[in-house]
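Take the position in the sequence shown, starting the count at 1, then add 12; the result is the number in our numbering.
Where a beta carbon is used, it is the ideal one built from N, C-alpha and C, also for glycine.
This report refers to the structure that appears directly beneath it.
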Amino acid sequence: MADPVLDIRGVSKSFGALKASDDVSLDLREGEIHALIGPNGAGKSTLIRQIAGALRPDRGRILFDGRDVTALPTAARARLGMARTFQISALAMDYTVLQNAVLGALGRRGDVFRFFRRVMLDRDLVARAEVALESVGLAEFRHLRASELSHGQRRQLEVAVALTLAPRVFLMDEPMAGLGAEGTRRLTGFLDGLRQQAPILLVEHDMDAVFHLADRISVLDYGSVIASGTVAEIRGHPAVRSAYLGEEAAP
Ligand code: ADP
Ligand code: MG
Numbered sequence: 013m014a015d016p017v018l019d020i021r022g023v024s025k026s027f028g029a030l031k032a033s034d035d036v037s038l039d040l041r042e043g044e045i046h047a048l049i050g051p052n053g054a055g056k057s058t059l060i061r062q063i064a065g066a067l068r069p070d071r072g073r074i075l076f077d078g079r080d081v082t083a084l085p086t087a088a089r090a091r092l093g094m095a096r097t098f099q100i101s102a103l104a105m106d107y108t109v110l111q112n113a114v115l116g117a118l119g120r121r122g123d124v125f126r127f128f129r130r131v132m133l134d135r136d137l138v139a140r141a142e143v144a145l146e147s148v149g150l151a152e153f154r155h156l157r158a159s160e161l162s163h164g165q166r167r168q169l170e171v172a173v174a175l176t177l178a179p180r181v182f183l184m185d186e187p188m189a190g191l192g193a194e195g196t197r198r199l200t201g202f203l204d205g206l207r208q209q210a211p212i213l214l215v216e217h218d219m220d221a222v223f224h225l226a227d228r229i230s231v232l233d234y235g236s237v238i239a240s241g242t243v244a245e246i247r248g249h250p251a252v253r254s255a256y257l258g259e260e261a262a263p
């Protein structure tokens, strides 16, 4: 089997007496969606932050494309192709869809707004931005402001922004949050195809979406991986049912 794109080995992180990550090992392989589920406070976001480089593990290693990135800052990991999407205020709401994608292609340097007119004349950047918008289905909305998009379309725009940098992996923390049933359905369909471009480590509460999308599921509880397997394996896992699915697996 091919080496994993992302390989998390024995990662631990404590906040005082609280073990938010307790010897977590998991990996992400080409072409797959690996879902990470678990109750509130289980340590899902903390793990994503360590993978992205926003938080340094106390112990353990994070390998990305075979390279140890444990000590690299967020920006360096992003340059290597780690795309963390769906963070609050990742979009410039007063700018158009196309301008947001161009900003993404630039690598979001803080100073770009001053030079924005000139940036928009850069044909390579604009072309890259347009290809990304095309691939998420937003090309026809390119001249709308980001603020005029629906919540679901904004999520797609965030993915387009990430795509301009040719990501090797996507890290997504609760992309369905705040979307209605229809928005969730559409974003689910979109993520389904996105795994072909880069594998996705997906933290998500919506279990219908998880069961529909995941090639593998890992379950976190009190910072530990208590189960990992296919959808069928996880649905039937007794410890998972009691720790997490109890209330949601009923019908
Ligand atoms: P999840 O995303 O699974 O809901 P989190 O990773 O956000 O869980 O949180 C895991 C645990 O770590 C929680 O008990 C949370 O309160 C705690 N925690 C997260 N970040 C910090 C922090 N910066 N300082 C102290 N405790 C934290
Ligand atoms: Mg969280």
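Residues bridged to residue i [DSSP beta-bridge criterion]
{"i": "Asp-19", "result": "Asp-39 and Leu-75"}
{"i": "Ala-47", "result": "Leu-214 and Ile-229"}
{"i": "Ala-95", "result": "Phe-182"}
{"i": "Thr-108", "result": "Arg-157"}
{"i": "Asp-80", "result": "Leu-75"}
{"i": "Lys-25", "result": "Ser-33"}
Residue i at chain B interface by Cβ criterion, 8 Å
{"i": "Gly-235", "result": "No chain B appears in the structure shown, which is made up of a single protein chain."}
beta-carbon residue i near the ligand ADP non-hydrogen atom, thresh 7 Å
{"i": "Ser-162", "result": "no"}
{"i": "Ser-57", "result": "yes"}
{"i": "Gly-50", "result": "yes"}
{"i": "Gly-72", "result": "no"}
{"i": "Gly-190", "result": "no"}
{"i": "Gly-53", "result": "yes"}
{"i": "Phe-27", "result": "yes"}
{"i": "Ala-244", "result": "no"}
{"i": "Leu-30", "result": "yes"}
Contact test: residue i Cβ vs the ligand MG heavy atom, cutoff 7 Å
{"i": "Asp-134", "result": "no"}
{"i": "Asp-185", "result": "yes"}
Backbone secondary structure at residue i - three-state DSSP
{"i": "Leu-172", "result": "The amino acid occupying residue 172 in the given sequence is Ala; Leu does not appear at that position. Looking at Ala-172 - three-state DSSP - the assignment turns out to be helix."}
{"i": "Ala-262", "result": "In this predicted model, Ala-262 has a pLDDT of only 44, less than 50, meaning its place in the structure is not dependable; the value taken from the coordinates is given anyway. Residue state, collapsed to three classes: coil."}
{"i": "Ser-159", "result": "helix"}
{"i": "Arg-247", "result": "helix"}
{"i": "Ala-32", "result": "strand"}
{"i": "Asp-134", "result": "coil"}
{"i": "Leu-103", "result": "coil"}
{"i": "Gly-201", "result": "helix"}
{"i": "Gln-165", "result": "helix"}
{"i": "Asp-129", "result": "Sequence inspection shows Arg at residue 129; the Asp mentioned does not correspond to that position. Residue state, collapsed to three classes: helix."}
Exposure of residue i, with buried meaning 16 or more beta-carbon neighbours within 10 Å
{"i": "Ser-162", "result": "exposed"}
{"i": "Arg-96", "result": "buried"}
{"i": "Leu-30", "result": "exposed"}
{"i": "Thr-58", "result": "buried"}
{"i": "Ala-251", "result": "exposed"}
{"i": "Ala-262", "result": "Reliability of the predicted coordinates at Ala-262 is poor, the pLDDT of 44 falling under 50, and the value obtained from them is presented with this limitation in mind. Per the 10 Å Cβ criterion, exposed."}
{"i": "His-155", "result": "exposed"}
{"i": "Met-184", "result": "buried"}
{"i": "Met-188", "result": "buried"}
{"i": "Thr-242", "result": "exposed"}
> Which runs of the beta strand (DSSP E), 3 residues or longer, sit entirely within the stretch 214-242?
Replying inline: 228-233 and 236-241
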